[in-house]
Amino acid sequence: MPGSTGKTRTAGTEEATRRKQSSGSYIYGIVPADVELSSDARGLGDPPGRIKLVRHGQIAALISEVTLDRPLGRPDDLIAHQQLLDGAAVEVPVLPLRFGAVVTGPKAVVDELLRPYHDEFLAALNELEGRVEYVVKGRYVEQAVIGEVLAENPEAARLREEIHGLPEEATWDARIRLGEVVGESVAAKREADTDMLVDALAPRSVAVVVREPTHEQDAVHVAFLVENGQEAEFKRIVKKFGKQWTDRVTLRLLGPLAPYDFVMTRRGDE
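In terms of this note's numbering, the sequence shown is residues 2 to 271.
Written out as structure tokens, the structure is:
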């Protein structure tokens with residue numbers, strides 16, 4: 002019946018529109034257009050979204066469909082975002098976007114991102130060919146670094162002796178000053194240790210970014226862009242520092258990672 006057919010089409014169109022408006026394309030990063038996705042590639046969401054490629058020219062965007070009525074930002078979302086990018090970076094050059102980049106759909110991915118910045122993204126991908134990021138992060142062992150400060154700084158040693166065994170209220174000024182001296186000394190050690198690490202690893206790296214400390218006991222926190230052929234030697238040097246700083250610094254090597262510290266797409270900076 003013509004009337005019924007017309008209503009069915011209208012209902013179907015309205016339902017499709019609602020689905021379109023309630024979902025969007027989440028963009029993880031930019032890769033070369035000739036990459037091939039594994040069939041089990043998954044992104045964020047519950048259940049995890051299937052990863053797709055939106056291609057334009059010689060570049061492509063890694064995307065998955067997300068529902069807009071579910072806010073992003075859960076720990077699992079952040080982990081899924083990073084895991085996908087880090088896994089891709091092991092195989093191909095990738096330009097990561099900041100977490101949370103969502104557009105209305107695949108057409109918008111091309112119109113708003115791939116087409117206007119095609120040449121810029123392609124040049125960046127070519128520069129990253131065969132390179133990955135590693136992060137060396139170390140935190141001082143508290144007792145060890147305090148011991149170093151007391152042994153090396155006469156004022157700190159004097160203040161420590163001055164407040165020993167006395168109530169806090171009677172030594173308030175001395176305690177404040179001791180905290181300042183220790184903080185200044187640890188900052189100086191951090192700078193010296195970071196310089197030592199960078200000097201040793203820079204010859205095995207393409208670029209270096211020294212990150213700001215996130216904790217008062219941070220010893221080193223440095224990102225390195227490393228070529229594939231230098232990874233083994235790079236890791237060997239980091240391992241050597243780990244042994245050299247045993248019982249003084251707890252050292253961790255993170256990577257290989259996507260080059261978060263060395264490149265960010267315009268969409269991610271907006």
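No residue lacks a Cβ here, since even glycine has one placed at the ideal position from N, Cα and C.
Please read these numbers as outputs of a predicted model, since none were measured by experiment.
So, at 7 angstroms on beta carbons, what are the nonlocal neighbours of residue i in its own chain, with the 5 sequence-adjacent residues on each side left out?
{"i": "Glu-228", "result": "Gly-131, Arg-132, Val-207"}
{"i": "Leu-198", "result": "Val-137, Val-221, Val-223, Phe-242"}
{"i": "Arg-178", "result": "Leu-160"}
Please work out which residues of its chain come closer than 6 angstroms, Cβ to Cβ, to residue i, disregarding the five sequence neighbours upstream and downstream, and give them in chain order.
{"i": "Pro-97", "result": "Gly-30, Leu-86, Ala-259, Tyr-261"}
{"i": "Val-73", "result": "The residue you asked about is not Val; residue 73 is Leu in the sequence shown. The answer, listed in chain order, is Gly-101."}
{"i": "Glu-234", "result": "Arg-205"}
{"i": "Pro-94", "result": "Leu-126, Leu-129, Glu-130"}
Could you spell out the range, first to last residue, of the alpha helix (DSSP H) harbouring residue i?
{"i": "Gly-243", "result": "232 to 245"}
{"i": "Arg-191", "result": "173 to 202"}
{"i": "Val-110", "result": "107 to 110"}
{"i": "Pro-155", "result": "155 to 164"}
{"i": "Leu-123", "result": "119 to 129"}
Can you find the residues in the same chain that come closer than 8 angstroms, C-beta to C-beta, to residue i, ignoring five residues on each side of it along the sequence?
{"i": "Ser-5", "result": "For Ser-5, the predicted structure reports a pLDDT of 38, less than 50, and the residue's modelled location is therefore unreliable. The matter cannot be settled from this model."}
{"i": "Gly-50", "result": "Tyr-27, Arg-43, Gly-44, Ser-65, Glu-66, Val-67"}
{"i": "Thr-14", "result": "At Thr-14, the pLDDT of 49 sits below 50, so the modelled position is not reliable; the number obtained from the coordinates is stated separately. The answer is none, since no qualifying residue turns up."}
{"i": "Ile-52", "result": "Tyr-29, Leu-38, Ala-42, Arg-43, Gly-44, Leu-63, Ile-64, Ser-65, Leu-85"}
{"i": "Ala-61", "result": "Ile-31, Val-32, Pro-33, Ala-34, Val-36, Leu-54, Val-55, Leu-115"}
{"i": "Arg-1", "result": "As displayed, the chain neither begins before 2 nor continues past 271, which places residue 1 out of reach and without an answer."}
{"i": "Glu-143", "result": "Gln-218"}
Given that a residue counts as buried once 16 or more other Cβ atoms are within 10 Å of its Cβ, and exposed if not, what is residue i?
{"i": "His-216", "result": "exposed"}
{"i": "Leu-255", "result": "exposed"}
{"i": "Val-91", "result": "exposed"}
{"i": "Ser-40", "result": "exposed"}
{"i": "Asp-77", "result": "exposed"}
{"i": "Ala-89", "result": "buried"}
{"i": "Phe-263", "result": "buried"}
{"i": "Gly-58", "result": "exposed"}
{"i": "Ser-23", "result": "exposed"}
{"i": "Leu-167", "result": "exposed"}
{"i": "Arg-191", "result": "buried"}
{"i": "Gly-230", "result": "exposed"}
{"i": "Gly-148", "result": "exposed"}
{"i": "Thr-247", "result": "exposed"}
{"i": "Arg-268", "result": "With a pLDDT of 46 at Arg-268, under the threshold of 50, the modelled position of that residue is not reliable, and the figure given next carries that caveat. Per the 10 Å Cβ criterion, buried."}
{"i": "Ala-157", "result": "buried"}
{"i": "Ala-81", "result": "buried"}
How far does the beta strand (DSSP E) with residue i in it reach, from first residue to last?
{"i": "Pro-33", "result": "24 to 33"}
{"i": "His-216", "result": "Per DSSP, His-216 belongs to no beta strand (DSSP E) and is neither H nor E."}
{"i": "Glu-134", "result": "132 to 141"}
{"i": "Leu-254", "result": "250 to 258"}
Open item on the list: With three or more C-beta pairs closer than 8 angstroms as the rule, is the stretch 238 to 254 touching the stretch 57 to 75?
Closed with: no
Task: Three CB pairs or more closer than 8 angstroms across the stretch 155 to 169 and the stretch 204 to 222 - done: no
Open item on the list: Check whether the stretch 140 to 152 and the stretch 105 to 122 are in contact - that is, three or more C-beta pairs closer than 8 angstroms.
Closed with: no
Task: Complete runs of the beta strand (DSSP E) confined to the stretch 30 to 88 [at least 3 residues] - done: 53 to 57, 60 to 68
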